[in-house]
Amino acid sequence: MMSLDKAKLLSSDRSFLLSHSQRRFFMKKIGLALIGLALCFSLASCSYGGKQTDEKNNLTYTYEDQSITLKAPPKKVLTLSAPLLNMAYAVGGTSIGRPATSSDIPEEAKSLPIIGQVAHINVETLIGLQPDFILGEKKQNGKLESLLQSNKLSYLLINYDGINDNVPLMEFLGKIYGTEDQASKVIKIYQDGIDAAIKRGEQYKPAKVIVLRATGKSVTAETPRSICASMTELLKMHNVISDHKDIDFSLKTVPYSLEQLSADDPEIIFVVTMSKPENMDEVNKKMDEQMRNNPAWKNINAVKNGRVYYLPMNLFLMNPGVHTPDALNKLLDLAYKK
C-alpha cells in the first residue's frame, strides 16, 4: 500500500508534467504568432519601401520660402507674366506660352501661343497647352490658384516683388530648367553690374530726391518697398519720404500732398507712370502741365531747374530682372549728370 508521502510526491510530479506540457503548447502558439507578425512586418516593409523609393525619386525645387515637388524635371514649363518669361529665357529656359504684354520680351518668345492678359489668363488655353509645370506671380495670378488645383496642375505662384528677389529666382529657374551653369554665369554678370553701380554712386554727394507714382487720377509717393524707390535707396540717394516718421513704410506708395512736396523741396523728382502704355504720354503731359502752371509746383527746386524725370515703366514700375543694373545706371545718369 502506497504511503501518504509517496502519493503526494507522485501527484506533485504529474502536476509538474502537466504544467510543462502546457508551457510547450503556449510556446508553440507564441512562436506561430511571432512568425505571422514578422511576415506582416515584412510585407508592410516591402510595400512602404516601394513608396519610399518613389518619394526619393521626386524632385523638390525651392524659391526663397516656397517650394514645389515634381516627379521629374519639367519639360513643358509655362510662365504667366512677362518678368518671369524674361528671367526664364535669361537663364537658358523656355516657355510653352506667354501672356499678352506691351513689355519687352525675348524675340524667340514673341511667337509663343498667347494665354490672355496677365490679370485675365484664359484657363482653357492654358490647360490646352498641357504644361507639366506652371510658374506665376502670387499678386497677379493668385485668383487662378483654385482652378489650377481643381485641374490637378503642378504650379507655383511665387512672391516675386522686389529687386532682392532676382538672384533667388535665377537660381530657382536654373534648377527647374537644368541650366545651373548658365544661371550662375548670368547671376555673376548681374551681381557685378549691381556692385559697379553702387560703387559708382558712392563717389557723389547723395542727391535729394522723391519718387512719385502717377496715374490718370492721382499722385502718390513711393516708399523703399517699391521698385524705383528701392533703387534710390540702394544707390544711397536721400529720398525725402524717409524723413516722414508718420508714414506707414509697409506700404509701397503713400498719399503725398503738394504741400508736403513743396516743404520737402527735393532737388530731383522721379516720376513713375502707372497706366496703359497707350495712355502714358497723356498722363505724363497732364502732370507736367500741372507742375508748370501751378505756383506751388513752380517754386519747387526740381521743377525750377528742369529736374523732373519721367521714367520708363518696364524698368521702374515692374521688376526689371536682369536689367536692374541698367536701371540703376540710368538713375545715376539722371541724378548726377553734369
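Just so we're aligned, residue 1 is where the sequence shown starts under my numbering, counting upward by one.
Backbone N, C-alpha and C define an ideal beta-carbon position, used for all residues, glycine too.
Could you check how far apart the C-beta atoms of K208 and P266 are, in whole angstroms? I think they sit under 8 Å. As a first step, residue 208 is located in the sequence shown; it is residue number 208 there, counting from the start. As a first step, residue 266 is located in the sequence shown; it is residue number 266 there, counting from the start. About 5 Å separates the two Cβ atoms, so the contact holds.
Among T125, M280 and L135, whose alpha-carbon lies nearest the alpha-carbon of L85? The residue given as residue 85 occupies position 85 in the sequence shown. Nearest of T125, M280 and L135 to L85, Cα basis: L135.
What are the residues that DSSP puts in a beta bridge with P83? Counting from 1 along the sequence shown, the entry for residue 83 is found at position 83. Its beta-bridge partners do not exist; DSSP assigns none.
Tell me whether P223 is buried or exposed, calling it buried when 16 or more other Cβ atoms sit within 10 Å of its Cβ. Numbered from its first residue, the sequence shown carries residue 223 at position 223. It should be pointed out that residue 223 corresponds to Thr in this sequence rather than to Pro. So T223 counts as buried.
Kindly indicate which residue of D195, I300 and V167 has the alpha-carbon position closest to the one of A183. For this step, residue 183 is matched to residue 183 along the sequence shown. A183 has its Cα closest to that of V167, out of D195, I300 and V167.
Fully enclosed by the segment 291-324, which beta strand (DSSP E) runs are 3 residues long or longer? As summarised for the segment 291-324, the continuous beta strand (DSSP E) elements at least 3 residues long and confined to that stretch are 308-311, given in chain order.
Buried or exposed for T60, going by 16 or more other Cβ atoms inside 10 Å? In the sequence shown, counting from the first residue as 1, residue 60 sits at position 60. Exposed, by the Cβ-count rule.
Helix, strand or coil at S282 [DSSP, three-state]: As a first step, residue 282 must be located in the sequence shown, where it is residue number 282. Here the sequence assigns Glu to residue 282, which means Ser is not the residue at that position. Helix at E282.
Can you list the alpha helix (DSSP H) stretches of 4 or more residues lying completely in the segment 55-121, in chain order? 82-90
Are Y310 and V271 closer than 7 Å when you measure CB to CB? Walking along the sequence shown from the start, residue 310 turns up at place 310. Walking along the sequence shown from the start, residue 271 turns up at place 271. Closer than 7 Å, so yes.
On the DSSP letters alone, give me the boundaries of the beta strand (DSSP E) that R200 sits inside. As a working note, residue 200 is residue 200 in the sequence shown. Premise fails: R200 lies in the alpha helix (DSSP H), E180 to G201, not in any beta strand (DSSP E).
Near G101, what residues of its chain come up, given a Cβ to Cβ distance below 6 Å and the 5 sequence neighbours on each side ignored? Along the sequence shown, read from residue 1 onward, the residue named residue 101 stands at position 101. This sequence places Thr at residue 101; Gly is not what is there. Result list for T101: A82, in chain order.
What residue range is occupied by the uninterrupted beta strand (DSSP E) comprising V254? On the sequence shown, position 254 is the one that residue 254 refers to. Counting along the chain, the beta strand (DSSP E) containing V254 begins and ends at T253 to P255.
In angstroms, rounded to a whole number, what distance separates the CA positions of N122 and E145? Translated into positions along the sequence shown, residue 122 becomes position 122. Translated into positions along the sequence shown, residue 145 becomes position 145. Rounded to whole angstroms, N122 to E145 spans 13 Å at the Cα level.
Close Cβ partners of S230 (< 7 Å) along its chain, the five nearest in sequence each way excluded: On the sequence shown, residue 230 is found 230 positions in, with the first residue counted as 1. Around S230: G162, I163 and P224.
Could you pull out every residue in the same chain whose Cβ sits closer than 6 Å to the Cβ of S103, ignoring the five residues on either side in sequence? The residue given as residue 103 occupies position 103 in the sequence shown. These residues qualify, in order along the chain: A82 and N314.
Just list the residues that DSSP pairs T125 with in beta bridges. Taking the first residue of the sequence shown as position 1, residue 125 is located at position 125. DSSP, once it has assigned bridges, lists no residue as partnering T125.
Hey, could you find the ends of the beta strand (DSSP E) T273 is sitting in? The residue given as residue 273 occupies position 273 in the sequence shown. I268 to T273 is the extent of the beta strand (DSSP E) around T273.
If you follow the beta strand (DSSP E) that F133 is part of, which residue opens it and which one closes it? Counted from its first residue, the sequence shown places residue 133 at position 133. Looking at the DSSP string, the run of the beta strand (DSSP E) that includes F133 is F133 to E137.
Cα separation between A90 and V322? The residue given as residue 90 occupies position 90 in the sequence shown. The residue given as residue 322 occupies position 322 in the sequence shown. So the two alpha carbons sit approximately 8 Å from each other.
Could you work out which residue in R98, N301, L129 and F316 is closest to L112 when comparing CA atoms only? Taking the first residue of the sequence shown as 1, we reach residue 112 at position 112. Taking only the C-alpha atoms, the option nearest L112 is R98.
Close-in-space but distant-in-sequence residues of the same chain around A119 (CB under 7 Å, 5 per side omitted): Mapped onto the sequence shown, residue 119 falls at position 119. Around A119: Q140.
Along the chain, where does the beta strand (DSSP E) that runs through I176 open and close? Here residue 176 is taken as the residue at index 176 of the sequence shown, counted from 1. Careful: I176 lies outside any beta strand (DSSP E), inside the alpha helix (DSSP H) at N166 to Y177.
Kindly indicate the opening and closing residues of the beta strand (DSSP E) around I371. For the chain, the structure presents residues 1 to 338; residue 371 sits outside this window and is missing.
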